[in-house]
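Visitor:
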Amino acid sequence: MELERKDWIRALTAHPAPDLHALAERLAAGCELRLTRLPQAGLGLLQLADGAFHEAYYLGEFPLSTCSLELTLADGRRAEGGAQVMADDAALARTLAILDAVLAARLPGWEDVSAQVQAGARLRAEADRRRRAMLAATRVDFALLGNTGEDDDEA
Amino acid sequence: MSYVAIKGGGRAIAGAAAVTEYLRTEEGLGNPDAEPLEIDAILHQLRHLVDRVVSEGGVYHPQFAALAVKQSLGDTLEAAFALRAWRSTRPRLSATPPLDTSRMRLIRRISSAFKEIPGGQMLGPTPDYALRLLRLELMDESPEAFRAVARDWLENCREAQLPDSYPKVLDALRAEGLLPPVAKTRRQTAFDITREPLVFPVPRSAALATMARAETGSLLAIAYSNMRGYGDVHPTVAELRVGYLPVLLPHPVTGELAEAGEVLMTECEVVAMYAAAEPGGKPQFTVGYGACFGHNEVKAISMAILDRALQKGMQDGPANPSEDPEFVLLHVDGVDSMGFASHYKMPHYVTFQSDLDRLRTTQQKSGEPA
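Have a look at this one:
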């Protein structure tokens, strides 16, 4: 299963940050790294469309870290990478931007990043499965009083 | 009225902080089994407490909210204050586009308007139908028993093929022409309460944002006044949802919306008494909306009732306190109100001396014995 680029952050952040840092440092070791947007930690503002009239409003803020960069290999190949991640951790944003660049441009080592994305996606899928299980275990069919003889169905 | 700067007491103030820390750690005196509260334990086992703090602090940072709970010994107002203090040190980097909450990854979804809704009702984690009795077996819960509960539940749950998103109940009512249309009231720019003061009248987006980070009890109390007779919203919960909303931001390179993370949130949409939008117009249900960070259904329902009450107040003029935007929006913030209440503990020696002087003078002038 090939995940789209927009889903890489969710998959990768299923792993512990130190594992991601180690991978990124290894892959970037032979590259020239130029930051096009400095790693920064701050806040993002969460804007929603309300459910009654679809008007925009702000629900609140969330920690946000961002980074954009460019990797250049010795043979001249270049790759752009970037990350915006819900975390108060600028170093994590830098690491994710490196992994994003390596995987997007298929730079040496991209298979390792892809493997991490796949593994992370499986972890996220497991969490999603548990959430769906909460729904499935509590699905309810309310019946009007007197319409049925059984309190619960076991279908 | 004047305030006076005081000096002195530095040692006592430091001592007060130390005494508070002593109380936090007193359990460890002579008790080799005593352990500090782990942040993860607070996050998971006191999750509703953490949810209140992320919501009332206005920042979805569950780890720091749990830390704030720990350092404040469980005081939600102090914890929300600490979280807001932290946020005030952080730069604003970005804002999401208006996100669609129908994309929430749900763990609970109910309707009290219809027994059958598209996609079905799922109770999820709720104490709604449980007996509110003390579970005395938890007084002495062993680590083994604790770990077995979640493991057994997971092993016994069935694989479920369920959709990733569910349609909104309101959309079905709107399709039948029973609700006001959305296009007439659509606004492009949301009001940012962290950057702009509330100068009345304020747009609805300011009211929603203010209530979203309001103190739960304050919101509930004013909404309760409406329920009890000082108002006539009479809501029916069209839909109440709890789940994880993907937070989408443009990818820095491609510009495509990418998932940066997710927030747990509660959302409630209520249908209220019908009315004609304009004289002679077709009557339609009125609607109210509430939402907040975390799992906090009382807050979301209260907010939805007040949203509807405020819409009525803004249109027709307030007939009750819960319909008055100034009354509601200026009194529901926990950090603001606890700050005002707490400031009465600070030295007011000069102002009170002035009060004493005035009273004595007044008594002398009125001929009463001093």
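The listed protein sequences derive, respectively, from chains Z and X.
Note that my numbering has the first sequence beginning at 4, numbered continuously upward.
Note that my numbering has the second sequence beginning at 22, numbered continuously upward.
The beta carbon of each residue, even a glycine, is placed where N, CA and C say it ideally should be.
Quick caveat, the model's predicted, so the values are computed rather than measured.
Give a yes or no on contact between the segment 174 to 182 of chain X and the segment 133 to 149 of chain Z, applying the rule of three or more CB pairs nearer than 8 Å.
Guide: With a cut-off of 8 Å, the segment 133 to 149 of chain Z and the segment 174 to 182 of chain X count as touching, because enough Cβ pairs lie within range.
Visitor: Express the C-alpha separation of residue 177 of chain X and residue 157 of chain Z in angstroms, rounding to a whole number.
Guide: Any answer about residue 157 of chain Z is weak, because its pLDDT of 48 lies below 50 and its placement is not dependable; what the coordinates show is given next. Roughly 15 Å between the two C-alpha positions.
Visitor: Hey, residue 274 of chain X and residue 112 of chain Z: beta-carbon distance below 8 Å or not?
Guide: Their beta carbons are not under 8 Å apart, which means residue 274 of chain X does not touch residue 112 of chain Z by this criterion.
Visitor: Thinking residue 240 of chain X and residue 324 of chain X are a contact (beta carbons under 8 Å), I'd like their distance in whole angstroms, please.
Guide: That pair is a contact at about 6 Å.
Visitor: List, in order along the chain, the chain Z residues whose C-beta lies closer than 9 Å to that of residue 239 of chain X?
Guide: Residues of chain Z passing the Cβ test: none, with the nearest at roughly 17 Å.
Visitor: Quick check: is the beta carbon of residue 191 of chain X nearer than 8 Å to any beta carbon in chain Z?
Guide: Judged by the 8 Å Cβ criterion, residue 191 of chain X is in contact with chain Z.
Visitor: On the premise that residue 117 of chain Z lies in contact with residue 106 of chain Z, defined as a C-beta separation below 8 Å, what is that separation, rounded to the nearest angstrom?
Guide: With 8 Å as the limit, residue 106 of chain Z and residue 117 of chain Z qualify as a contact, their Cβ atoms being about 6 Å apart.
Visitor: For chain X, check one thing: does any of its Cβ atoms lie closer than 8 Å to the Cβ of residue 158 of chain Z?
Guide: The predicted position of residue 158 of chain Z is uncertain, since its pLDDT is 43 and thus under 50; a value taken from the coordinates is nonetheless stated next. So, not an interface residue.
Visitor: Helix, strand or coil for residue 14 of chain X? Go by DSSP, reduced to three states.
Guide: Past the edges of chain X, shown from 22 to 391, lies residue 14 of chain X, and the structure says nothing about it.
Visitor: Give me the DSSP bridge partner(s) of residue 70 of chain Z.
Guide: In DSSP, residue 70 of chain Z forms a bridge with Z:86.
Visitor: Tell me which same chain residues have a C-beta within less than 6 Å of the C-beta of residue 35 of chain Z, skipping the five on either side of it?
Guide: Contacts found: 75.
Visitor: Leaving aside the five residues before and after residue 186 of chain X along the sequence, list all residues of the same chain whose C-beta is less than 6 Å from its C-beta, in chain order.
Guide: Here the set comprises 123, 124.
Visitor: Under 9 Å between beta-carbons, which chain X residues line up against residue 75 of chain Z? List them in chain order, please.
Guide: By Cβ distance, chain X contributes nothing, its closest Cβ being about 15 Å from residue 75 of chain Z, past 9 Å.
Visitor: What are the boundary residues of the alpha helix (DSSP H) that includes residue 21 of chain X?
Guide: Examination of residue 21 of chain X is not possible in this model, given that chain X is present from 22 through 391 alone.
Visitor: Could you check whether the Cβ of residue 276 of chain X sits closer than 8 Å to any Cβ belonging to chain Z?
Guide: Chain Z contact via Cβ: absent.
Visitor: Who are the near neighbours of residue 128 of chain X in its chain, counting only those whose CB is closer than 6 Å to its CB and skipping five residues on each side?
Guide: The residues are 145, 263, 264.
Visitor: For residue 140 of chain Z, which residues in chain X fall below 7 Å Cβ to Cβ?
Guide: Residues of chain X passing the Cβ test: 178.
Visitor: How big is the Cα-Cα spacing for residue 350 of chain X and residue 89 of chain X?
Guide: Between residue 350 of chain X and residue 89 of chain X, the C-alpha separation is close to 25 Å.
Visitor: Decide if residue 299 of chain X is buried, meaning its Cβ has at least 16 other Cβ atoms within 10 Å, or exposed.
Guide: It counts as exposed.
Visitor: Within 7 Å: the Cβ of residue 374 of chain X and any heavy atom of the ligand GTP?
Guide: Among the ligands in the structure shown, none appear at all, so the ligand GTP cannot be discussed.
Visitor: On the DSSP bridge assignment, give the partners of residue 304 of chain X in chain order.
Guide: DSSP lists X:297 as partners of residue 304 of chain X.
Visitor: Closer than 8 Å, CB to CB, is residue 92 of chain Z near chain X or not?
Guide: Not closer than 8 Å to any Cβ of chain X, the Cβ of residue 92 of chain Z fails to qualify, so no.
Visitor: If we ignore side chains and look at the alpha-carbon of each, how far apart do residue 131 of chain X and residue 189 of chain X end up?
Guide: Their backbone Cα atoms lie some 11 Å apart in a straight line.
Visitor: Leaving out five residues on either side along the sequence, give the residues of the same chain with a beta carbon under 6 Å from the beta carbon of residue 70 of chain X.
Guide: Closer than 6 Å at Cβ, skipping near neighbours: 90.
Visitor: Restricting to Cα atoms, I'd like to know which of X:210, X:341, X:168, X:236 is closest to residue 252 of chain X.
Guide: With distances taken between Cα atoms, residue 252 of chain X lies closest to X:341.
Visitor: Going by DSSP, what residue range makes up the beta strand (DSSP E) through residue 257 of chain X?
Guide: Here the beta strand (DSSP E) through residue 257 of chain X covers 257 to 271.
Visitor: Considering only C-alpha positions, which residue in the set X:57, X:155, X:307 is nearest to residue 294 of chain X?
Guide: When only C-alpha atoms are compared, the closest one is X:307.
Visitor: Quick check: residue 23 of chain Z and residue 314 of chain X, are their CB atoms within less than 8 Å of each other?
Guide: No, the pair does not count as a contact, with Cβ atoms beyond the cut-off.
Visitor: Between the Cα of residue 270 of chain X and the Cα atoms of Z:81, Z:33, Z:47, Z:29, which residue gives the shortest distance?
Guide: Ranking Z:81, Z:33, Z:47, Z:29 by Cα distance to residue 270 of chain X puts Z:47 first.
Visitor: In chain order, what residues of the same chain lie with their CB nearer than 6 Å to the CB of residue 16 of chain Z, ignoring the 5 residues before and after it?
Guide: Nothing listed; no residue qualifies.
Visitor: I need the straight-line Cα distance from residue 127 of chain Z to residue 246 of chain X, nearest angstrom please.
Guide: One C-alpha to the other measures close to 43 Å.
Visitor: Check the Cβ of residue 218 of chain X against every Cβ in chain Z and list those closer than 7 Å, keeping chain order.
Guide: By Cβ distance, chain Z contributes nothing, its closest Cβ being about 15 Å from residue 218 of chain X, past 7 Å.
Visitor: Which residues does DSSP pair with residue 310 of chain X in a beta bridge?
Guide: Residue 310 of chain X is bridged to X:290.
Visitor: Distance cutoff 8 Å, beta carbons only. Does residue 60 of chain X sit that close to anything in chain Z?
Guide: No, no contact with chain Z.
Visitor: Check whether the Cβ atoms of residue 328 of chain X and residue 200 of chain X sit closer than 8 Å, and answer yes or no.
Guide: Going by C-beta atoms, residue 328 of chain X is not nearer than 8 Å to residue 200 of chain X.
Visitor: Suppose you measure from the CA of residue 108 of chain X to the CA of residue 296 of chain X; what does that come to, to the nearest Å?
Guide: Their backbone Cα atoms lie some 42 Å apart in a straight line.
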